[in-house]
Amino acid sequence: MSKICQITGKRAMVGNNVSHSNRKTKRIFNVNLFRKKFYWVEEDCWISLNISASGLRTINKIGLDAALKKAAANGYLNA
(Lines of atoms letter the chains of each structure in order from A and count residues from 1; the text may use other names and numbers.)
(Lines give C-alpha, C1' and ligand atoms only; values in the text may rest on other atoms or scores of the structure.)
Protein backbone atom coordinates (compact mmCIF):
# COMPACT_ATOMS: atom_id res chain seq x y z
CA MET A 1 0.00 0.00 0.00
CA SER A 2 1.42 3.34 -1.00
CA LYS A 3 1.72 6.24 1.41
CA ILE A 4 -1.44 8.12 0.39
CA CYS A 5 -4.24 9.32 2.65
CA GLN A 6 -7.55 7.76 1.60
CA ILE A 7 -9.57 10.77 2.78
CA THR A 8 -7.56 13.83 1.73
CA GLY A 9 -5.35 12.34 -1.00
CA LYS A 10 -2.17 13.67 0.59
CA ARG A 11 1.02 11.96 -0.55
CA ALA A 12 4.76 12.28 0.01
CA MET A 13 6.46 15.42 -1.32
CA VAL A 14 10.02 15.76 -2.61
CA GLY A 15 12.31 18.55 -1.46
CA ASN A 16 15.88 19.33 -0.54
CA ASN A 17 18.05 18.98 2.53
CA VAL A 18 20.05 22.20 2.68
CA SER A 19 23.31 22.09 4.61
CA HIS A 20 25.03 24.97 6.35
CA SER A 21 27.26 25.40 3.28
CA ASN A 22 24.07 25.54 1.13
CA ARG A 23 24.60 22.15 -0.55
CA LYS A 24 21.33 20.53 -1.56
CA THR A 25 20.47 16.83 -1.52
CA LYS A 26 17.08 15.31 -2.30
CA ARG A 27 14.82 14.12 0.50
CA ILE A 28 11.21 13.01 0.97
CA PHE A 29 8.64 14.66 3.21
CA ASN A 30 6.38 11.77 4.22
CA VAL A 31 2.75 12.12 5.26
CA ASN A 32 1.73 11.67 8.91
CA LEU A 33 -0.10 8.46 7.98
CA PHE A 34 -1.54 5.70 10.15
CA ARG A 35 -4.03 2.85 9.87
CA LYS A 36 -7.29 3.31 11.79
CA LYS A 37 -10.54 1.37 12.09
CA PHE A 38 -13.89 3.19 12.06
CA TYR A 39 -17.40 1.97 12.72
CA TRP A 40 -19.57 3.03 9.77
CA VAL A 41 -23.07 3.40 11.23
CA GLU A 42 -24.86 3.79 7.87
CA GLU A 43 -23.51 0.44 6.56
CA ASP A 44 -23.37 -1.22 10.04
CA CYS A 45 -19.78 -2.43 9.58
CA TRP A 46 -16.18 -1.70 10.53
CA ILE A 47 -13.84 -0.24 7.91
CA SER A 48 -10.08 0.22 8.03
CA LEU A 49 -8.50 3.29 6.43
CA ASN A 50 -5.01 4.65 5.85
CA ILE A 51 -5.49 8.26 6.90
CA SER A 52 -3.35 11.25 7.74
CA ALA A 53 -3.78 13.40 10.83
CA SER A 54 -5.59 16.04 8.75
CA GLY A 55 -7.85 13.30 7.36
CA LEU A 56 -8.78 12.31 10.90
CA ARG A 57 -9.62 15.94 11.68
CA THR A 58 -11.79 16.04 8.55
CA ILE A 59 -13.69 12.95 9.71
CA ASN A 60 -14.19 14.50 13.15
CA LYS A 61 -15.46 17.70 11.59
CA ILE A 62 -17.88 16.53 8.86
CA GLY A 63 -18.49 12.91 9.85
CA LEU A 64 -17.37 9.58 8.43
CA ASP A 65 -20.15 9.14 5.85
CA ALA A 66 -19.71 12.63 4.36
CA ALA A 67 -15.91 12.27 4.33
CA LEU A 68 -16.12 8.91 2.53
CA LYS A 69 -18.54 10.30 -0.08
CA LYS A 70 -16.27 13.29 -0.68
CA ALA A 71 -13.17 11.07 -0.96
CA ALA A 72 -14.91 8.72 -3.38
CA ALA A 73 -16.03 11.66 -5.53
CA ASN A 74 -12.43 12.93 -5.67
CA GLY A 75 -11.10 9.43 -6.44
CA TYR A 76 -8.99 8.98 -3.29
CA LEU A 77 -10.64 5.77 -2.10
CA ASN A 78 -9.54 2.47 -3.57
CA ALA A 79 -12.00 -0.41 -3.60
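Just so we're aligned, residue -5 is where the sequence shown starts under this note's numbering, counting upward by one. Even for Gly, the Cβ is constructed at its ideal location relative to N, Cα and C. Bear in mind the structure is a predicted one, so any value in this text is a computation, not a measurement.
Range covered by the beta strand (DSSP E) that runs through residue i
| i | result |
| --- | --- |
| L71 | Neither: L71 is in no beta strand (DSSP E) and is coded neither H nor E. |
| K31 | 27 to 34 |
Proximity of residue i and residue j at Cβ, strictly below 9 Å
| i | j | result |
| --- | --- | --- |
| R17 | G9 | no |
| S46 | T19 | no |
| R29 | S42 | yes |
| K4 | V25 | yes |
Bridge partner(s) assigned by DSSP for residue i
| i | result |
| --- | --- |
| N(-2) | The sequence given here has Ile at residue -2, not Asn. For I(-2), which the question treats as bridged, DSSP gives the partners R5. |
| S42 | K31 |
| N16 | Looking at the DSSP assignment, N16 forms no beta bridge with any residue, so it has no partner. |
| R21 | G9 |
Residue interval of the alpha helix (DSSP H) (run including residue i)
| i | result |
| --- | --- |
| G57 | Note, G57: premise wrong, no alpha helix (DSSP H); not H, not E. |
Per-residue burial, residue i [other beta carbons within 10 Å of its own, 16 or more giving buried]
| i | result |
| --- | --- |
| V12 | exposed |
| A66 | exposed |
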